[in-house]
Every structure is written in C-alpha cells, then in structure tokens.
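Everything on this sheet refers to the single structure shown next.
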Amino acid sequence: MMMKPIKGGRSMPSVKSHKQTTTHETMGVEEIRLIADLRIMHSKVDELYQISKILRSRHDERAVNQYADHAVLAEDIRKVDELYLWFIQLREESERTRKRANGR
Numbered sequence: 707m708m709m710k711p712i713k714g715g716r717s718m719p720s721v722k723s724h725k726q727t728t729t730h731e732t733m734g735v736e737e738i739r740l741i742a743d744l745r746i747m748h749s750k751v752d753e754l755y756q757i758s759k760i761l762r763s764r765h766d767e768r769a770v771n772q773y774a775d776h777a778v779l780a781e782d783i784r785k786v787d788e789l790y791l792w793f794i795q796l797r798e799e800s801e802r803t804r805k806r807a808n809g810r
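For the sequence shown, my numbering begins at 707 and goes up steadily by one.
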C-alpha cells in the first residue's frame, strides 16, 4: 500500500479506488452536495484550529483579550460554543448508531 504525505509529516495510506457503486447505490444531487459541504467544513475546522493554535503559541492570552474587538470576540466565542454543541450531538448520534449496529 502506498503512503501519501499529509500536513504535519504524517502519512496516510493512499486510496487506490473507492467502493464501486452499483446502480442501486448511485448518489443523488443532495448526497453529493452534502459530501462537498462536509469536505469544506472539515477544511474550515482545520483552518480555525490551526490559526487558534498559532495565536496561542505566539501571543499571551491577556494580550489577545486586550487587543481584540470585544464584541466580535464575544460573538466568535458564541459561534464556537454553538458549533461545539452541534459536534457533541453528532458524536452522540454516531455512538448510538454504532451501538445499534453492534447489537448493544
């Protein structure tokens, strides 16, 4: 299996081919849109994580609070909190689905 380099120096197996879909498994427009939207979301979440990691490593938390636009920062925090709660719901649903699939 070939390994493909990714960010951070780690390697992941490269996918030679995806599962072949039969006529019964053909994706519709909405499914394709969902997959595209999920890929964009994954990219943006990683982007947010990376920039916040850089800010934390380069700048003191007090300085961030001192120079931030407080109204904008408060709104950013509210949005991230909302996003975090949604991710928790997704994780819980994933765990419920996994348990049902495993017969537990």
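The beta carbon of each residue, even a glycine, is placed where N, CA and C say it ideally should be.
- Do L761 and V751 have their CB atoms nearer than 8 Å? no
- Item | Rounded straight-line distance, which links the Cα of A742 to that of V735 | 11 Å
- Task: Classify R745 as helix, strand or coil using the three-state DSSP reduction.
- Result: helix
- Message: Can you give me the C-alpha to C-alpha distance between D779 and Q772, rounded to a whole angstrom?
- Response: The sequence shown places Leu at residue 779, rather than the Asp named in the question. Computed Cα separation, rounded: 11 Å.
- Is T732 helix, strand or coil when you go by DSSP? coil
- What's the gap between the Cα of M707 and the Cα of L740? Bear in mind that a pLDDT of 48 at M707, under 50, signals an unreliable position, so the number given afterwards is only what the model happens to contain. Whole-angstrom Cα-Cα distance: 29 Å.
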